[in-house]
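Going by the working numbering, the first residue of the sequence shown is number 823, and it counts up by one from there. Quick notes on the structure that follows.
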Amino acid sequence: MIKLQNSNESNVKIYPLFKNELAVDDVQNILNTLITKDLFKGEKNTLHHISIHQGSELKHHIFVGLGDSQDNYMELLRNGIANACKKAVTLKENSVGIILPTQLINGDSLENIATAITLSQYSFNKYQTKKKEKIIEDFILVGSSQELDQYQTNIEEGILLGEMTILSRELANEPGDIVTPQTLAISARSLGESSGFKVDIYDKAAIAGLRMNAFLAVAQGSYYEPRLIVMEYMGNVGGEIIGLVGKGITFDSGGLSLKPANSMLSMQGDMSGAASVIAAMGAIASRKLKVNVIAVVAACDNSVSANSYRPNDIITSRSGKSIFITNTDAEGRLTLIDALDYILTEKHVDKVVDMATLTGAAEVALGQKIAAVITNSDEFMGELKTAAFETSERVWELPHDEDFKKLIETPYADLNNSGGRFAGTITAGLFLGSVVGDTPWLHIDIAGPSWTEEADGYFSKGATGYGTRLLYKLVKNSILTNEGKI
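Below, the structure is given as C-alpha cells:
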C-alpha cells in the first residue's frame, strides 16, 4: 500500500536526490559525510545504503542518485526508486518511507514513483517451493501533505499502470500449458468484468464463420483450440474509435519450420503483444477515459502435428488476399492480417495499432530496449513518440519504401509470408499493411523489449510488460489531441 504523510518514523528511508541539490534536513550530517568520502554525490544510477544505530534501533538510509535536475530524469527516477525498494525488501521491515524533495512533488514524478514501487515488488517465482522474500506492506511518501493530497489521482494512476504492467508480465511469463488460447480469453473476460469493458469470445467454428483462414491455418496444428477475443470500451459515444490488435501466439514452436531448442525457451512470451493490449484495456476502462477503444486478439499456438500447416501451402486470408507459405515460423503475421482485416471491416475503427513480438530481425537491428515501428501516418507516429517519451518505452520508425514490397512478392499468390533474410522487420510490417489501406496505422514490433534476462530497476527477469503503459498513454493523449491541446 502507498500512503501519503508529512512525516514518517519508518526504520528504512529512501532519499531520491539530484546531484545539484543534495540537501536533506534530517540526515544532512550523514549525507555530508558520504559526499566528503566520495561515497555518494547524487550521480545518476547510483545508490548507497548506510545503517546507523539510534538508541536500540537500527536505522537504514538509502540514497538514490538522479543526476542533474535539468535532465529528463523520469526513467532514472523509476529505476532508482525500484532498486531502492528492492534493497529495502532485504532489510525485512514492514514499512519504508520515501522522503521527497520539492522537485519531485509534481504529478508526473509521483505517478512514476508509484509505478516503480508497484513494479519493484514483482517477480515471477510462484512455482518455486522455497520461501518467498518478504513483501513490504507500506510505502509512505513523505512531503507536505497539502502538496501531496492534490496529486492523489496521479498516484492512483501510477499504481494502476504498475498493476496492469504486472498483469501483462504474468500472462506472458506463464507456461504455454497454463496460458492457452482458452485461458487467455477467460483472463480477458475476467478483467473486463472487473474493469468495465465488454468482452466477446469466438470459438473455432465462429472464427471459421468470420473467414479468418490464415489465423485458423496457424491454429490447426495445435491440441488447443483457437479463440478470437474482442474487447470494447466505449467512453465517448460518437467519437473516434481507436483499434488495438495484439499478437496472441501462446506458444511458438515454429511449426514445421521448427525453431532450435534454445530459441523456444521464451516462446511462451510470444503473446506479449496480446498481454499488453489486454492489460492496457484494463487500465483504460478502470480510469474511465473519455475514449472509444476496440481491441482484438487472435489467440492460438503454433505447434507441430500431422495437421500443421506446411511450407508451400497457399491460404486465402480474410481479406481475400492469397498467401504462399515459405516459413511456418512466420506465423504471427498470418494471425494478425486476419485480425487487422476484422477490426477494420467489422468494427470500422478510425485508426489502428498492432503490437507484436513479430521478428527477430527487430531485435537484431535495434537491440532489446527499442521497438521497431512501421506506419503510414506521420501524425500518428508523432503521437506515439509523445507517449513513448512519457513512459520511456522507446520506439524507432523504420523505412517502408515501395521497393521493399518486392521482397514479399511471389508468382504463386498475392503475398509471400516470409520475405527472406533481408529487411525482415520491414517486410513483415508491409505484409500487414497490405490490408490497412489509408486508415492511420502503427505496427509496433516488440520482439526486443518484450523480454529481459536481467532483473534491474523496475524490470524483473522475463516478460517486461512493454507496451501496457505506452498504449495507455497513447490512448489517453488522444483526448487532448482531439481537443487540440497537444
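Don't be surprised by glycine CBs; every beta carbon is placed ideally from N, CA and C. Just so we're clear, the structure is a prediction, and the values are computed from it rather than from any experiment.
In the DSSP assignment, what residue or residues form a beta bridge with residue i?
i            : result
residue 1237 : 1145
residue 868  : 887
residue 873  : 882
residue 1049 : 1121
residue 838  : 886
residue 1069 : 1120
residue 958  : Answer by DSSP bridge pairing: none, since residue 958 is not bridged.
residue 1056 : 1114
residue 1074 : 1124
residue 824  : 961
residue 1063 : 1114
residue 1232 : 1235
By Cβ distance, which residues of its chain are closer than 6 Å to residue i, with the 5 residues on each side in sequence left out?
i            : result
residue 938  : 900, 903, 904, 1280
residue 1020 : 1054
residue 1236 : 1143, 1144
residue 1137 : 1035, 1036, 1039, 1145
residue 991  : 1285, 1287
residue 1114 : 1056, 1058, 1061, 1063
residue 826  : 963, 970
residue 1274 : 1281, 1286
residue 1117 : 1053, 1066, 1099, 1103
residue 1262 : 1173, 1199, 1202
residue 1320 : As shown, the chain starts at 823 and ends at 1308. That puts residue 1320 outside it, with no answer to give.
residue 837  : 846, 885, 921
residue 1293 : 1102
Using CA atoms only, rank isn't needed, just tell me which of the options is closest to residue i.
i            : options                : result
residue 1160 : 1140, 835, 1147, 1053  : 1140
residue 1267 : 1220, 1283, 1297, 1226 : 1220
residue 978  : 1271, 936, 969         : 936
residue 1010 : 915, 1120, 971         : 1120
residue 1186 : 1270, 1174, 872        : 1270
residue 925  : 916, 952, 894, 919     : 894
residue 1128 : 1181, 1044, 1147       : 1044
residue 916  : 970, 976, 869, 831     : 831
residue 839  : 1022, 874, 1216, 884   : 884
residue 1255 : 969, 1274, 1230        : 1230
residue 1179 : 1233, 1167, 1292, 1094 : 1094
residue 921  : 1299, 1130, 845, 856   : 845
residue 1061 : 1198, 1171, 1261       : 1171
residue 1075 : 1030, 975, 998, 956    : 998
residue 876  : 1149, 852, 887         : 852
residue 1158 : 1069, 1207, 1108, 1080 : 1069
residue 1124 : 1116, 1113, 1091, 1118 : 1091
residue 1079 : 1296, 1301, 1152, 874  : 1152
residue 784  : 913, 908, 1005, 1012   : Past the edges of the chain, shown from 823 to 1308, lies residue 784, and the structure says nothing about it.
residue 933  : 963, 1222, 1274        : 963
residue 1135 : 1232, 836, 1002, 959   : 1232
residue 1004 : 989, 1022, 1278        : 1022
residue 1000 : 1190, 948, 1211, 886   : 948
residue 1025 : 1006, 1041, 1048, 1012 : 1048
residue 1007 : 1027, 943, 1050, 918   : 1050
residue 957  : 942, 848, 847, 923     : 942
residue 923  : 833, 847, 834, 1081    : 847
residue 868  : 1169, 906, 854         : 906
residue 835  : 1082, 996, 910         : 910
residue 1181 : 966, 1149, 1300, 927   : 1149
Excluding the five sequence neighbours on either side, which residues of its own chain have a C-beta within less than 8 Å of the C-beta of residue i, listed in chain order?
i            : result
residue 1214 : 896, 897, 900
residue 1218 : 1188, 1192, 1193, 1194, 1195
residue 1110 : 1018, 1057
residue 1258 : 1162, 1166, 1174, 1198
residue 1203 : 1195, 1197, 1219, 1264
residue 976  : 929, 930, 932, 933, 936
residue 1283 : 945, 946, 1274, 1275, 1276, 1277
residue 1072 : 998, 1001, 1002, 1003, 1006, 1046, 1090, 1092, 1093, 1121, 1122, 1123
residue 1304 : 1061, 1062
residue 1030 : 1038
So, for residue i: in the same chain, excluding its five sequence neighbours on each side, which residues have a beta-carbon less than 7 Å away from its beta-carbon?
i            : result
residue 1226 : 1245, 1248, 1249, 1252
residue 1291 : 983, 987, 1213, 1215
residue 891  : 840, 842, 843, 925
residue 1086 : 1075
residue 829  : 964
residue 960  : 823, 825, 916, 917
Note to self: To test your reading of the DSSP string, which unbroken alpha helix (DSSP H) runs of 4 or more residues are found completely within the segment 965 to 1037?
What the structure shows: 967 to 971, 974 to 995, 1003 to 1017, 1026 to 1031
Next item on the list: Tell me the start and end of each unbroken alpha helix (DSSP H) in the segment 1135 to 1220 that is at least 4 residues and wholly inside, in chain order.
Entry: 1154 to 1167, 1182 to 1188, 1200 to 1213
Next item on the list: Ignoring anything shorter than 4 residues or poking outside the segment 1082 to 1126, list the alpha helix (DSSP H) runs there in chain order.
Entry: 1094 to 1108
Check: Can at least three beta-carbon pairs, one atom from the segment 1033 to 1047 and one from the segment 1101 to 1109, be found at a separation below 8 Å?
Finding: no
Next item on the list: Enumerate, from N- to C-terminal direction, the unbroken alpha helix (DSSP H) stretches of 4 or more residues contained entirely within the segment 1244 to 1285.
Entry: 1246 to 1255
Next item on the list: Go through the segment 912 to 951 residue by residue and report every complete run of the beta strand (DSSP E) that reaches 3 residues or more, in order.
Entry: 917 to 921
Check: Can you find at least 3 beta carbon pairs, one from the segment 964 to 972 and one from the segment 843 to 858, that sit closer than 8 Å?
Finding: no
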